[in-house]
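Residue numbers (the working numbering): 6 to 897.
Below is one structure; the comments refer to it alone.
Here you go:
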C-alpha cells in the first residue's frame with residue numbers, strides 16, 4: 006500500500022495474539038552425544054547451525070531447549086537461535102522420582118545461572134548421569150515449578166515410555182493427572198492416535214480422571230537432528246501475543262482457541278479489516294491494528310467504543326437497518342466524529358487473490374477505494390468486502406421487529422446461482438417494456454376505434470351526395486384527394502430510412518480504443534488481438550461508404566418526389582379551377598360541393614385505419630403471447646430464488662439444531678402490493694388491503710385474473726366488500742399488469758427453543774419472546790459461518806450472562822478461526838472466555854463533543870499481556886478486590 010502516513014504507523018501497533026509454530030522439545034548437541042544418538046555432525050557449532058537452519062526452513066519461530074536436568078548445554082544453541090530471530094524458552098526435561106518426564110519451561114529472559122540454582126533445588130548437583138532423577142515426585146514438581154520457579158510444565162511424551170499416563174497407574178496416575186498445575190501434555194500426533202485407554206483420559210471422558218478443565222494436548226517430541234523437524238508431531242502452533250510463559254499458560258488454559266496440532270486443519274483465509282485510523286474529531290490521531298480473529302473494544306462509558314463501531318459503518322458506506330440505529334449513527338457522525346474528519350480503513354480481500362485496499366471517507370463525502378498503488382477505483386467498499394455486517398447498540402433487537410430484514414440474515418448461507426440475479430433483472434426489464442408496448446397498442450386501438458365510429462355516418466352522408474349526382478360532377482376533385490394521399494404516403498416511406506441514417510450517425514465512428522496498442526500492451530495475446538482493430542477499421546470505412554450511399558439515395562428520392570409533387574401541383578391547379586366553377590354551379594342548386602370534398606377527404610383518411618386496426622390486433626395478440634411466456638419465466642425465477650432461501654434456512658437449522666429454527670415464507674411481504682394499490686386506486690381500500698396482507702396463500706397472477714373477472718369474482722374469492730371490490734375491478738389494465746410483475750419479498754420466521762436443557766423442545770416465535778430471547782436467537786444466526794467481518798456494539802445489552810457464556814462464547818471460539826469479529830463490550834465473558842486475540846482499551850478526556858479519545862498501544866494485546874489483563878480486571882471486573890469479593894460471596 007502506497008500510503009506512508011497514519012496507516013503505516015497503525016500497522017506498527019500491536020495487533021494481539023497470533024499463532025507461532027513451536028518446537029518445545031529440542032535437544033542440544035551435548036544430549037545427542039551423551040545418549041549416543043546417531044548424528045552427522047562432528048561438533049556443536051555445525052549441529053547448532055543445521056538445527057537453526059532447519060527451524061527457519063520449517064517456519065519454526067519458537068523453540069524450547071530441554072536437556073535432561075541440564076541447562077548450560079543449551080547456551081550455544083540458544084544463542085545461535087536468538088541470533089537468527091528465533092524465540093527460545095530456556096528449560097530442562099525433568100525426571101521425577103516416580104519416573105515421570107516433565108518439560109519445565111521458563112521465561113525467555115531467565116539466565117543459565119538462575120536455572121542452575123533451580124536444578125540444585127531439584128537435587129541435581131552433578132551431571133555425571135546421562136539422565137538423572139530428581140528429588141520431587143510429579144505433584145511436588147508441578148507445584149514447586151509453577152508457584153516457586155515461575156515455570157510452566159508439560160507432561161512429555163505422555164503416552165510413551167516415561168510419560169505420565171504410561172509410567173503411573175491407579176490412584177497415583179489419577180492424582181497426578183488431576184493436579185491443577187498440570188496444564189499440558191505432549192503427544193507425537195493427534196489424540197485419536199493415542200492408545201484407547203489413554204485416549205479416553207486425554208478426551209476427558211474417563212470419569213476417574215475427569216477434570217473441570219481438560220489438560221491441553223500439544224505436539225512435541227525429541228528433536229535431535231534437523232530431519233526430526235520433518236516429523237508432524239515435532240511441532241505445533243501456539244497462539245500468543247508475545248512469546249512468554251504467560252502466553253503458554255493462557256494457551257494451555259484455552260487450547261481450543263490457542264493450540265493447533267499438526268493434524269488440525271489450517272485456518273481458513275477470510276476477508277478482514279487490517280487497520281483503522283482517524284484524522285480529526287473525537288478520535289483524532291487514534292488508530293487500531295486489527296487481529297484477523299476476535300477483536301474486543303473495552304473502556305468506560307464515553308470513551309469512544311460506539312464511535313469506533315459507527316466509524317466502521319460510515320467508512321464502509323453501510324446504512325443502519327433500523328430507525329433508532331439510524332438516529333444513533335447520524336448523531337455520532339455529526340456530533341462526535343464531526344464534519345471534515347477523515348476515516349481510513351485498510352482491508353484485505355482473499356478472493357480471487359490476496360489483495361489490500363484502502364477505503365477512505367471524509368465526513369460529508371462518499372467513500373473512495375484505493376488499490377495497492379494508491380489509484381482510486383470505480384468500486385464501492387461493499388464490492389471489495391461484500392456481506393460485511395455492522396450492528397450498533399440495540400440494533401439486533403431492532404432487527405427482530407422486521408421479518409423482511411431477518412431474511413437478509415440468510416443471504417450469506419445461500420449458494421447463489423450467479424446468473425439468477427441477472428436473469429431476474431432482464432425479465433423485469435422485458436416485462437416492463439412489453440407492458441409499455443401493449444398499453445401503447447391498446448391506446449392506439451382505442452383512438453382508432455373512436456375515429457372509426459364516425460365512419461358509418463360519414464358514408465351515409467356520402468351516399469346522399471351520390472344520389473344527388475354530386476360525386477359524378479366532382480369526380481376529378483374526389484380523385485385528386487386520393488392522389489394527394491398517395492403523394493403524402495410516398496414521402497412517408499422515406500422516414501424510416503432517415504431514422505436509420507440517424508442511428509448509423511450515432512454509432513460512427515466505431516469505437517476501437519479498447520484495441521489500441523496501449524490497451525493491449527499487457528495482454529500476452531496482443532499480436533493476435535491487434536488484427537481485430539484492422540477488421541473494425543475496414544468495417545468503419547465500409548459503413549461510412551454505405552452511409553454516404555444511403556444519404557445520397559434519400560436525397561435523390563426526395564428531389565425526385567419533389568419534382569413529382571411540383572408536376573402534380575400544376576395538375577391540381579387546373580383541377581381546382583374546374584372544381585371552383587362546378588361549386589358555383591352547385592350553389593345555384595343549394596348543394597355545398599365543398600362539404601362533399603371535405604367529406605370524401607375524411608373518409609379517405611379513415612379507411613386505411615381499418616388495415617391499421619387489424620395490424621394492431623395482430624400486434625396485441627403477439628405481445629400478449631410474449632408476455633404470458635415472460636410471466637411464466639418470471640414466476641419460475643422468483644420460485645428458484647425462494648428455493649435458494651429455503652435451502653439456506655435448512656442449512657441454518659442443521660447448524661443450530663434444537664436451538665433456533667428458521668422458516669421462510671414465499672412472497673410473505675405484501676407491502677409492495679398494498680403500496681401499489683394505495684398509489685393507483687382512489688377511495689377507501691383499507692379492509693381490502695388487510696385481507697390481501699393476511700391471506701395465507703396469495704398468487705399475484707390469480708389476483709390479476711380475478712380483478713379482470715370483475716367485482717363479483719373478487720367478492721367471492723377474496724371476501725371483499727362490494728364497494729372495494731368495485732374499485733379494484735375498475736382499475737386500468739396497466740395496473741393489472743403491474744400487479745403481475747410485482748416481486749413480493751420472502752419473509753423469515755425465527756423460533757427459539759425455550760425449553761430447559763434436556764427437555765422436549767418448546768418453540769416460540771420472536772413475537773412471543775422477551776427482548777433478550779429475541780436477541781439471543783438473532784445473534785446465534787449472526788455468529789454462524791461467514792467470510793466477512795461481523796461488527797457488533799455491546800451485544801450484551803440485550804442478553805443475559807448465561808447465554809453469553811453458554812451460547813455466544815462457544816460459537817465465537819468455533820467461528821473466529823475462519824471469520825473476523827469486532828465487538829465493543831462491557832462484559833468480561835466475551836474477551837476473557839471468548840479468548841479475544843486483540844483487546845483494545847479506550848480512555849478519554851473531556852466530553853465526546855469536545856474531548857478526545859485515547860487508544861494507548863500498551864492497552865492493545867491479548868489476555869496474556871500484563872497491562873491488558875490488568876485493564877480487563879479494572880474496567881470489566883471492577884478491579885481485583887471487587888472480583889475477589891464477588892468470588893467469596895458466591896463461594897467459588
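We put the CB at the ideal spot given by N, CA and C, even for glycine.
query: By DSSP, does residue 850 sit in helix, in strand, or in coil?
result: Taking the first residue of the chain shown as position 1, residue 850 is located at position 845. DSSP places residue 850 in strand when its eight states are reduced to three.
query: Per DSSP, what kind of secondary structure is residue 30 in: helix, strand or coil?
result: Numbered from 1 along the chain shown, position 25 holds the residue referred to as residue 30. Residue 30: strand per DSSP, three-state reduction.
message: Using only the alpha-carbon positions, how far apart do residue 674 and residue 309 sit?
response: What you label residue 674 is simply residue 669 of the chain shown in a count that begins at 1. What you label residue 309 is simply residue 304 of the chain shown in a count that begins at 1. Answer to the nearest angstrom: the Cα atoms are 38 Å apart.
- prompt: Among 391, 551, 730, 433, which one has its Cα closest to the Cα of residue 795?
  reply: Taking the chain shown and counting its residues from 1, the one referred to as residue 795 is at position 790. The residue with the shortest Cα to Cα distance from residue 795 is 391.
field: Separation of residue 255 from residue 146, as counted between CA atoms
entry: Taking the chain shown and counting its residues from 1, the one referred to as residue 146 is at position 141. Taking the chain shown and counting its residues from 1, the one referred to as residue 255 is at position 250. Approximately 20 Å between the Cα atoms of the pair.
query: If we count the other Cβ atoms within 10 Å of its Cβ and call it buried at 16 or more, is residue 176 buried or exposed?
result: Counting from 1 along the chain shown, the entry for residue 176 is found at position 171. It is exposed - the Cβ of residue 176 has fewer than 16 other Cβ atoms within 10 Å.
- prompt: Taking the C-alpha atoms as reference points, what is the distance between residue 188 and residue 751?
  reply: Working through the chain shown from its first residue, we reach residue 188 at position 183. Working through the chain shown from its first residue, we reach residue 751 at position 746. So the alpha carbons of these two residues sit roughly 51 Å apart.
- request: Could you check how far apart the C-beta atoms of residue 182 and residue 206 are, in whole angstroms? I think they sit under 8 Å.
  value: Position 177 of the chain shown, counted from the start, is the residue given in the question as residue 182. Position 201 of the chain shown, counted from the start, is the residue given in the question as residue 206. With 8 Å as the limit, residue 182 and residue 206 qualify as a contact, their Cβ atoms being about 7 Å apart.
message: I need the straight-line Cα distance from residue 777 to residue 95, nearest angstrom please.
response: Residue numbering aside, residue 777 sits at position 772 when the chain shown is read from its first letter. Residue numbering aside, residue 95 sits at position 90 when the chain shown is read from its first letter. Going from the Cα of residue 777 to the Cα of residue 95 covers about 50 Å.
Nearest-angstrom Cβ-Cβ length linking residue 68 and residue 91, presumed shorter than 8 Å: Taking the chain shown and counting its residues from 1, the one referred to as residue 68 is at position 63. Taking the chain shown and counting its residues from 1, the one referred to as residue 91 is at position 86. Contact flag correct, Cβ pair sits at about 6 Å.
query: Within 10 angstroms of its Cβ, does residue 233 collect 16 or more other Cβ (buried), or is it exposed?
result: One-based indexing of the chain shown puts residue 233 at position 228. Buried: at least 16 other Cβ atoms inside 10 Å.
message: Tell me the residue span of the alpha helix (DSSP H) that contains residue 311.
response: As a first step, residue 311 must be located in the chain shown, where it is residue number 306. That run of the alpha helix (DSSP H) goes 310-321.
field: Where residue 423 falls, given that 16 or more other Cβ within 10 Å makes a residue buried
entry: Stepping through the chain shown from its first residue, residue 423 is reached at position 418. Per the 10 Å Cβ criterion, exposed.
query: Thinking C-alpha only, which one of 713, 753, 803, 444 is nearest residue 735?
result: Start at 1 with the first residue of the chain shown, and residue 735 comes out as number 730. Here the closest residue by C-alpha is 713.
- request: List in chain order: all unbroken beta strand (DSSP E) runs of 3+ residues lying wholly within the segment 172-251.
  value: 189-192, 221-224, 241-245
field: Segment limits, alpha helix (DSSP H) that includes residue 52
entry: The residue you call residue 52 lines up with position 47 of the chain shown. Start and end: 49-62.
field: Outcome for residue 768 when other beta-carbon atoms lying within 10 angstroms are tallied against a minimum of 16
entry: Along the chain shown, read from residue 1 onward, the residue named residue 768 stands at position 763. When all chains shown are included, residue 768 counts as exposed.
Opening and closing residue of the beta strand (DSSP E) in which residue 816 lies: Here residue 816 refers to the residue found at position 811 of the chain shown. Looking at the DSSP string, residue 816 is not in any beta strand (DSSP E); the run it does join, the alpha helix (DSSP H), is 814-820.
field: Cross-strand partners of residue 277 (DSSP beta bridge)
entry: As a position in the chain shown, residue 277 is number 272, starting the count at 1. Answer is 353, bridged to residue 277.
task: Look at the alpha carbon of residue 195 and the alpha carbon of residue 821, and state the distance between them as a whole number of angstroms.
output: Here residue 195 corresponds to residue number 190 of the chain shown, with the count starting at 1. Here residue 821 corresponds to residue number 816 of the chain shown, with the count starting at 1. Roughly 22 Å separates the two Cα atoms.
message: Helix, strand or coil for residue 823? Go by DSSP, reduced to three states.
response: What you label residue 823 is simply residue 818 of the chain shown in a count that begins at 1. In the structure shown, residue 823 sits in coil (DSSP, three-state: anything other than H, G, I, E or B).
Contact belief for residue 72 with residue 79 at Cβ below 8 Å, rounded distance in angstroms: Residue numbering aside, residue 72 sits at position 67 when the chain shown is read from its first letter. Residue numbering aside, residue 79 sits at position 74 when the chain shown is read from its first letter. Indeed, because the Cβ distance is near 6 Å, the residues count as touching under 8 Å.
- prompt: Any idea what DSSP makes of residue 287, helix, strand or coil?
  reply: Position 282 of the chain shown, counting from 1, holds the residue named residue 287. Three-state DSSP puts residue 287 in coil, outside helix and strand.
Residue 835 burial status per 10 Å Cβ neighbour count (16 or more: buried): Position 830 of the chain shown, counted from the start, is the residue given in the question as residue 835. It counts as buried.
message: Please classify residue 781 as buried or exposed, where buried requires at least 16 neighbouring CB atoms within 10 angstroms.
response: The count along the chain shown starts at 1 and reaches residue 781 at position 776. So residue 781 ends up on the buried side.
Length-filtered (3 minimum) beta strand (DSSP E) runs lying within the segment 345-432: 347-354, 360-367, 373-375, 394-396
- prompt: Distance, Cα to Cα, residue 298 vs residue 28?
  reply: By one-based count along the chain shown, residue 298 stands at place 293. By one-based count along the chain shown, residue 28 stands at place 23. Residue 298 and residue 28: Cα-Cα distance of roughly 24 Å.
- request: Pick helix, strand or coil for residue 693, following the three-state DSSP scheme.
  value: Along the chain shown, one-based indexing puts residue 693 at 688. Looking at residue 693 - three-state DSSP - the assignment turns out to be helix.
field: Beta-carbon proximity check, residue 816 vs residue 790, cutoff 8 Å
entry: On the chain shown, residue 816 is found 811 positions in, with the first residue counted as 1. On the chain shown, residue 790 is found 785 positions in, with the first residue counted as 1. Contact: no.
query: Between the C-alpha atoms of residue 591 and residue 454, what's the straight-line distance to the nearest angstrom?
result: Start at 1 with the first residue of the chain shown, and residue 591 comes out as number 586. Start at 1 with the first residue of the chain shown, and residue 454 comes out as number 449. With a pLDDT of only 49 at residue 591, under 50, the local geometry of the prediction cannot be trusted, and the value read off the model is given with reservation. So the two alpha carbons sit approximately 35 Å from each other.
message: Between the segment 680-691 and the segment 739-750, can you find at least three pairs of beta-carbon atoms closer than 8 Å?
response: yes
- request: Can you tell me the Cβ-Cβ gap for residue 352 and residue 315, rounded? I've got them flagged as a contact below 8 Å.
  value: As a first step, residue 352 is located in the chain shown; it is residue number 347 there, counting from the start. As a first step, residue 315 is located in the chain shown; it is residue number 310 there, counting from the start. With a Cβ gap of about 17 Å, residue 352 and residue 315 do not count as contacting.
- prompt: How about residue 840 and residue 172: are their beta carbons less than 8 Å apart?
  reply: As a first step, residue 840 must be located in the chain shown, where it is residue number 835. As a first step, residue 172 must be located in the chain shown, where it is residue number 167. Their beta carbons are not under 8 Å apart, which means residue 840 does not touch residue 172 by this criterion.
- prompt: Beta carbon of residue 75, beta carbon of residue 97: below 8 Å?
  reply: Stepping through the chain shown from its first residue, residue 75 is reached at position 70. Stepping through the chain shown from its first residue, residue 97 is reached at position 92. Cβ atoms of residue 75 and residue 97: closer than 8 Å.
Beta-ladder partner(s) of residue 536, from DSSP: Taking the first residue of the chain shown as position 1, residue 536 is located at position 531. Residue 536 pairs with nothing; no bridge assigned.
message: With a threshold of 8 Å between beta-carbons, can residue 563 be considered close to chain C, or not?
response: Structure shown: chain C not included; a single protein chain is present.
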